[in-house]
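Enquirer:
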Amino acid sequence: MKEIVKSPIQGRVGKPRQFGITMVMDKGLGLAETRDFLALGSEYVDFVKLAFGTAAVYPPAILQEKIALIKDSGNDVYPGGTFLEIAIIQKKVPEFLERAGCVGFTAIEVSDGTIELSAERRRTIIGMAAKAGFKVLSEVGKKDPRQKTSGRAMANAVLNDLDAGSKLVIVEGRESGRGVGIYDKEGHIEQERFEELLSCSGVQNAIIWEAPLKDQQSALIGLFGPNVNMGNIPPHEVIALESMRLGLRNDTLKSVYQRD
Amino acid sequence: MKEIVKSPIQGRVGKPRQFGITMVMDKGLGLAETRDFLALGSEYVDFVKLAFGTAAVYPPAILQEKIALIKDSGNDVYPGGTFLEIAIIQKKVPEFLERAGCVGFTAIEVSDGTIELSAERRRTIIGMAAKAGFKVLSEVGKKDPRQKTSGRAMANAVLNDLDAGSKLVIVEGRESGRGVGIYDKEGHIEQERFEELLSCSGVQNAIIWEAPLKDQQSALIGLFGPNVNMGNIPPHEVIALESMRLGLRNDTLKSVYQRD
Amino acid sequence: MKEIVKSPIQGRVGKPRQFGITMVMDKGLGLAETRDFLALGSEYVDFVKLAFGTAAVYPPAILQEKIALIKDSGNDVYPGGTFLEIAIIQKKVPEFLERAGCVGFTAIEVSDGTIELSAERRRTIIGMAAKAGFKVLSEVGKKDPRQKTSGRAMANAVLNDLDAGSKLVIVEGRESGRGVGIYDKEGHIEQERFEELLSCSGVQNAIIWEAPLKDQQSALIGLFGPNVNMGNIPPHEVIALESMRLGLRNDTLKSVYQRD
Numbered sequence: 001m002k003e004i005v006k007s008p009i010q011g012r013v014g015k016p017r018q019f020g021i022t023m024v025m026d027k028g029l030g031l032a033e034t035r036d037f038l039a040l041g042s043e044y045v046d047f048v049k050l051a052f053g054t055a056a057v058y059p060p061a062i063l064q065e066k067i068a069l070i071k072d073s074g075n076d077v078y079p080g081g082t083f084l085e086i087a088i089i090q091k092k093v094p095e096f097l098e099r100a101g102c103v104g105f106t107a108i109e110v111s112d113g114t115i116e117l118s119a120e121r122r123r124t125i126i127g128m129a130a131k132a133g134f135k136v137l138s139e140v141g142k143k144d145p146r147q148k149t150s151g152r153a154m155a156n157a158v159l160n161d162l163d164a165g166s167k168l169v170i171v172e173g174r175e176s177g178r179g180v181g182i183y184d185k186e187g188h189i190e191q192e193r194f195e196e197l198l199s200c201s202g203v204q205n206a207i208i209w210e211a212p213l214k215d216q217q218s219a220l221i222g223l224f225g226p227n228v229n230m231g232n233i234p235p236h237e238v239i240a241l242e243s244m245r246l247g248l249r250n251d252t253l254k255s256v257y258q259r260d
Numbered sequence: 261m262k263e264i265v266k267s268p269i270q271g272r273v274g275k276p277r278q279f280g281i282t283m284v285m286d287k288g289l290g291l292a293e294t295r296d297f298l299a300l301g302s303e304y305v306d307f308v309k310l311a312f313g314t315a316a317v318y319p320p321a322i323l324q325e326k327i328a329l330i331k332d333s334g335n336d337v338y339p340g341g342t343f344l345e346i347a348i349i350q351k352k353v354p355e356f357l358e359r360a361g362c363v364g365f366t367a368i369e370v371s372d373g374t375i376e377l378s379a380e381r382r383r384t385i386i387g388m389a390a391k392a393g394f395k396v397l398s399e400v401g402k403k404d405p406r407q408k409t410s411g412r413a414m415a416n417a418v419l420n421d422l423d424a425g426s427k428l429v430i431v432e433g434r435e436s437g438r439g440v441g442i443y444d445k446e447g448h449i450e451q452e453r454f455e456e457l458l459s460c461s462g463v464q465n466a467i468i469w470e471a472p473l474k475d476q477q478s479a480l481i482g483l484f485g486p487n488v489n490m491g492n493i494p495p496h497e498v499i500a501l502e503s504m505r506l507g508l509r510n511d512t513l514k515s516v517y518q519r520d
Numbered sequence: 521m522k523e524i525v526k527s528p529i530q531g532r533v534g535k536p537r538q539f540g541i542t543m544v545m546d547k548g549l550g551l552a553e554t555r556d557f558l559a560l561g562s563e564y565v566d567f568v569k570l571a572f573g574t575a576a577v578y579p580p581a582i583l584q585e586k587i588a589l590i591k592d593s594g595n596d597v598y599p600g601g602t603f604l605e606i607a608i609i610q611k612k613v614p615e616f617l618e619r620a621g622c623v624g625f626t627a628i629e630v631s632d633g634t635i636e637l638s639a640e641r642r643r644t645i646i647g648m649a650a651k652a653g654f655k656v657l658s659e660v661g662k663k664d665p666r667q668k669t670s671g672r673a674m675a676n677a678v679l680n681d682l683d684a685g686s687k688l689v690i691v692e693g694r695e696s697g698r699g700v701g702i703y704d705k706e707g708h709i710e711q712e713r714f715e716e717l718l719s720c721s722g723v724q725n726a727i728i729w730e731a732p733l734k735d736q737q738s739a740l741i742g743l744f745g746p747n748v749n750m751g752n753i754p755p756h757e758v759i760a761l762e763s764m765r766l767g768l769r770n771d772t773l774k775s776v777y778q779r780d
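So this is what it looks like as structure tokens:
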């Protein structure tokens, strides 16, 4: 059908891409579902996160096969940040990284959504993971709605992380998309915090916005265009999200059409 | 089990059926999921919509196989209305219809949920699609909550569409079921608008109510019985919806039982 | 990965288990999905409920194969309580139980979520199902938010059911988790009702709490530890729930970490 109808939003970049990233949050797809999902949406996905500590819950043979399937389809795969946070508490970071490499993970998320982590220790861990050959995604923002940080503080954390070796920095949105990072309790973008983060960091393409809700996705595409980096996308929403990036859904089409 | 227990609500019609339609909104099932879904629920489904412009996002070979699977199971399949709206903007309607036929689609949705479309042009396009051999589903109602139309205006649009060649007319409900068509912001039926639409159109069996939310489904079954036409049903809710049509779930059983 | 990182919450019991039960609410998984789900999560599940009257809607051959798959993976499987309630209305209880056994169900839920059922009749039916060889799960609580019962009344119902032959007693939570059983309209636990139920029954391990919402699951784990019995878990949330039981997710990890 795309031979006939031109995408209303042009300029979407293909893989491998440095920006325009889609990161999927996988809470426990089976192997058949994983195959199905990759056959359909692989070219629209860049990173698959096995959420929080789920990787420790999978039967080991299934975990290994799943990771291999994701890698073989040209995607990076990594364990949720909470898992490494537990390794940090238990003083097992080197062992964790080594094991993650053996199991096949290609990326590592460094976060302090739940634990406390000094800037120095954070820097060290990012460096260790990068040196071990992982693509490092770090994450800024606390999971607890009572611990919101200012836009400026988030911007500084972003810049420090990139300097320490992070390839991309995720802004926390959780699975719910409410009351964390740049979102208020209803899941709307908090304009002031958001703009401060943007203007103080100045590295838009290095940020992945966790955006689990449809209105967040369309707002971000409206602000940044089709190649905004987005994360925590449910696996079953990948085709719908790509449609939105291309203006093939009301939520983003309407702005194009009203400009015409 | 149904040999033993009689359905509390009787009179559900089987396939092929002229009313009692279930239209499924598919936002991107993979091939294995599609097969699984059809094996389980095919006899309870009539139309599968590949939502909005998702058909342009599928890898072409997967799209073709998926459409073939749906057709072979005795269901109609069509691209979301937003996709044709884009073709209308781009002045590619004949090419769109031809291509849709080649890919295997058996039905076409004609809508103006996002774009403006004159009554005359709408009539022409419905006629073109019908003449090209498609079952035509047209849709009334805007996607933007600020553009709600009166029940009477919707009724007139329904009658005009049927006269122009539509087989069934869908009343917009979106994926959310809130603030559009006959629903208020909480997803409840707006009684006045709803009754005006019904009394002014007088063609209840030709209307498909988009009803993505469970309470909307049970309310419609309560009003019209087990054979009300409903649309935008998520694929994973087809068995649950059929249970509700038959009174095999609390939401519709309670009314039967209280009458007993 | 679990070789390296110790579960933050220890003491989770394995199968077969008398407590620490996870009951899954299946609204209509296809066969491929069922296989996928069982391969991945079978060791974390104990009971699969084919919700309400869905068992009457499945094509018979698929129903039989599905039940066999679930049993063969070491899980109990039973039809939703609403289904038996209909058989009770239709005076077909013995026939229902016989047919349920033939189809392969291993457990039966006895409830009065929708119908009225005298204490004596309830007792008789629980006894009949137990005598027929089923594991009996009974359920207390009405599905209609206007019919909430006191904690004490629920506690008495729990004790009566256990005495009559129930193996476990479910406290109603519906699919929504709101306005029923121990939950208020927002899905939070109503403290007074809850504590009364607990203190008056004194049989914590015999109760399965329907807890479809994530915050309910983490609250219950916080109160009772990793082996609290929970039900109405969506199939796709089984791995996430097990992660939460083990402290491998922020929602339960934070309490462990703050204690450290």
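Chains as they are written, first to last, in the working numbering: chain A, 1 to 260; chain B, 261 to 520; chain C, 521 to 780.
Just so it is clear, CB atoms sit at the ideal spot from N, CA and C, and this is done for glycine as well.
Considering only DSSP beta bridges, list what E512/C is partnered with.
Expert: Any question about residue 512/C goes unanswered here, given that chain C covers just 521 to 780.
Enquirer: Tell me which residues share the same chain as I239/A and place their Cβ nearer than 8 Å to its Cβ, disregarding the 5 neighbours each side in the sequence.
Expert: Residue mapping note: residue 239/A aligns to position 239 of the first sequence, counting from 1. For I239/A, where only same-chain residues beyond five positions count, the Cβ hits under 8 Å are L40, G41 and Y44.
Enquirer: Helix, strand or coil for K569/C, going by three-state DSSP, please let me know.
Expert: The count along the third sequence starts at 1 and reaches residue 569/C at position 49. The answer is strand: DSSP assigns K569/C an E or B state.
Enquirer: Is DSSP giving L428/B helix, strand or coil here?
Expert: Taking the first residue of the second sequence as position 1, residue 428/B is located at position 168. Strand at L428/B.
Enquirer: Could you check if A379/B is buried or exposed, using at least 16 other CB atoms within 10 Å of its CB as the buried criterion?
Expert: For the purposes of this step, residue 379/B is taken as residue 119 along the second sequence, with counting starting at 1. Exposed, because fewer than 16 other Cβ atoms sit within 10 Å of the Cβ of A379/B.
Enquirer: Can the beta-carbon of P472/B be found closer than 8 Å to that of P486/B?
Expert: As a position in the second sequence, residue 472/B is number 212, starting the count at 1. As a position in the second sequence, residue 486/B is number 226, starting the count at 1. Not in contact: P472/B and P486/B (Cβ atoms no closer than 8 Å).
Enquirer: Thinking just about the alpha-carbon of each residue, which of G601/C, L551/C and S593/C is nearest to the one in G693/C?
Expert: Numbered from 1 along the third sequence, position 173 holds the residue referred to as residue 693/C. Here the closest residue by C-alpha is G601/C.
Enquirer: Please compile the residues from chain B whose C-beta is within a distance smaller than 8 Å of the C-beta of S218/A.
Expert: Translated into the one-based positions of the first sequence, residue 218/A becomes position 218. Near S218/A there are no residues of chain B at all, since even the closest Cβ is about 12 Å away, more than 8 Å.
Enquirer: With a floor of 4 residues, list each alpha helix (DSSP H) that falls wholly inside the stretch 21-86 of chain A, ordered by position along the chain.
Expert: 31-41 and 60-72
Enquirer: From the DSSP secondary-structure annotation, give me the bridge partner or partners of N154/A.
Expert: Taking the first sequence and counting its residues from 1, the one referred to as residue 154/A is at position 154. The sequence shown places Met at residue 154/A, rather than the Asn named in the question. Answer is none; M154/A lacks a bridge partner.
Enquirer: Where G671/C and A677/C are concerned, what is the direct C-alpha to C-alpha distance, given to the nearest angstrom?
Expert: Locating residue 671/C in the third sequence gives position 151, counting from the first residue. Locating residue 677/C in the third sequence gives position 157, counting from the first residue. Their Cα atoms are separated by approximately 10 Å.
Enquirer: What's the C-alpha gap between R532/C and K403/B?
Expert: Start at 1 with the first residue of the third sequence, and residue 532/C comes out as number 12. Start at 1 with the first residue of the second sequence, and residue 403/B comes out as number 143. Rounded to the nearest angstrom, the two C-alpha atoms are 49 Å apart.
Enquirer: Taking Cβ-Cβ distances below 9 Å as the criterion, which residues of the stretch 204-215 of chain A are in contact with chain B?
Expert: K214
Enquirer: How far does the alpha helix (DSSP H) with G101/A in it reach, from first residue to last?
Expert: For the purposes of this step, residue 101/A is taken as the residue at position 101 of the first sequence. First-last of the alpha helix (DSSP H) with G101/A: V93 to V103.
Enquirer: Please name the residue, chosen from V171/A, E190/A, E186/A and I221/A, that lies closest to E109/A on a Cα-to-Cα basis.
Expert: As a first step, residue 109/A is located in the first sequence; it is residue number 109 there, counting from the start. Answer by Cα proximity: V171/A.
Enquirer: Give the secondary structure of E523/C by DSSP, where H, G and I count as helix, E and B as strand, and everything else as coil.
Expert: To locate residue 523/C, count along the third sequence from 1; it is residue 3. If DSSP states are grouped into helix, strand and coil, E523/C belongs with coil.
Enquirer: According to DSSP, is E340/A helix, strand or coil?
Expert: One cannot answer for residue 340/A here, as it falls past the ends of chain A, which runs 1 to 260.
Enquirer: In the DSSP output, what is Y703/C paired with across the bridge?
Expert: Position 183 of the third sequence holds residue 703/C. Bridge partners of Y703/C: I709/C.
Enquirer: With three or more C-beta pairs closer than 8 Å as the rule, is the stretch 55-73 of chain A touching the stretch 761-768 of chain C?
Expert: yes
Enquirer: For the beta strand (DSSP E) holding G751/C, just list the boundary residues, first then last.
Expert: Walking along the third sequence from the start, residue 751/C turns up at place 231. Segment M750 to I753, the beta strand (DSSP E) holding G751/C.
Enquirer: Note down the Cα distance separating I481/B from N489/B, rounded to an integer number of angstroms.
Expert: Looking up residue 481/B in the second sequence gives position 221. Looking up residue 489/B in the second sequence gives position 229. In a straight line, the C-alpha of I481/B is about 9 Å away from that of N489/B.
Enquirer: What is the DSSP secondary structure of R272/B, counted as helix, strand or coil?
Expert: If you number the second sequence from 1, residue 272/B lands on position 12. Coil, per DSSP.
Enquirer: With a threshold of 6 Å on Cβ separation, who are the neighbours of W209/A within its own chain once the five nearest residues in sequence on each side are excluded?
Expert: Position 209 of the first sequence holds residue 209/A. Counting only Cβ-Cβ distances below 6 Å, and skipping sequence neighbours, we find V171, L220 and M230.
Enquirer: State the start and end residues of the unbroken alpha helix (DSSP H) segment that holds H391/B.
Expert: For the purposes of this step, residue 391/B is identified with residue 131 of the second sequence, where counting begins at 1. Rather than His, the amino acid found at residue 391/B in this sequence is Lys. K391/B -> alpha helix (DSSP H) spans A379 to K391.
Enquirer: Start and end of the alpha helix (DSSP H) containing R765/C?
Expert: Start at 1 with the first residue of the third sequence, and residue 765/C comes out as number 245. It spans V758 to R765 - the alpha helix (DSSP H) in which R765/C sits, taken as one unbroken run.
Enquirer: Rounded to whole angstroms, what's the CA-CA distance from I541/C to A726/C? Just pull it up for me.
Expert: On the third sequence, position 21 is the one that residue 541/C refers to. On the third sequence, position 206 is the one that residue 726/C refers to. So the two alpha carbons sit approximately 10 Å from each other.
Enquirer: Drop a sphere of 10 angstroms on the beta-carbon of Q217/A, count the other beta-carbons inside from all chains shown, and report buried for 16 or more, exposed for fewer.
Expert: As a working mapping, residue 217/A is identified with position 217 in the first sequence. By the 16-neighbour rule on beta-carbons within 10 angstroms, Q217/A is buried.
Enquirer: Give the residues from the stretch 485-498 of chain B that approach chain C closer than 8 Å (Cβ to any Cβ), ordered along the chain.
Expert: H496, E497 and V498
Enquirer: Give a yes or no on whether the C-beta atoms belonging to T294/B and L323/B are separated by under 8 Å.
Expert: Against the second sequence, residue 294/B aligns to sequence position 34. Against the second sequence, residue 323/B aligns to sequence position 63. No. Outside cutoff.
Enquirer: Quick check: the Cα distance between S527/C and R123/A, rounded to an integer number of angstroms?
Expert: Start at 1 with the first residue of the third sequence, and residue 527/C comes out as number 7. Start at 1 with the first residue of the first sequence, and residue 123/A comes out as number 123. The alpha-carbon atoms of S527/C and R123/A are separated by roughly 26 Å.
Enquirer: On the CB-based measure, 16 or more other CB atoms within 10 Å of its CB, does S658/C come out buried or exposed?
Expert: Against the third sequence, residue 658/C aligns to sequence position 138. Buried is the call here.
Enquirer: Taking 8 Å as the limit between beta carbons, can you name the residues of its chain near D520/B, skipping five residues before and five after?
Expert: Mapped onto the second sequence, residue 520/B falls at position 260. Only weak support is given to the placement of D520/B: the predicted model assigns it a pLDDT of 45, under 50, and the question is left unresolved by the model.
Enquirer: Is it the case that the Cβ atoms of A164/A and G127/A are separated by a distance below 8 Å?
Expert: One-based indexing of the first sequence puts residue 164/A at position 164. One-based indexing of the first sequence puts residue 127/A at position 127. Taking 8 Å as the Cβ cut-off, A164/A and G127/A qualify as a contacting pair.
Enquirer: Can you pull the chain A neighbours of K403/B, defined as C-beta to C-beta under 9 Å?
Expert: For the purposes of this step, residue 403/B is taken as residue 143 along the second sequence, with counting starting at 1. For K403/B, the residues of chain A that pass the 9 Å Cβ criterion are N250, D251 and K254, in the order they occur in the chain.
Enquirer: Using CA atoms only, rank isn't needed, just tell me which of Q711/C, F744/C and V623/C is closest to S775/C.
Expert: The residue you call residue 775/C lines up with position 255 of the third sequence. With distances taken between Cα atoms, S775/C lies closest to F744/C.
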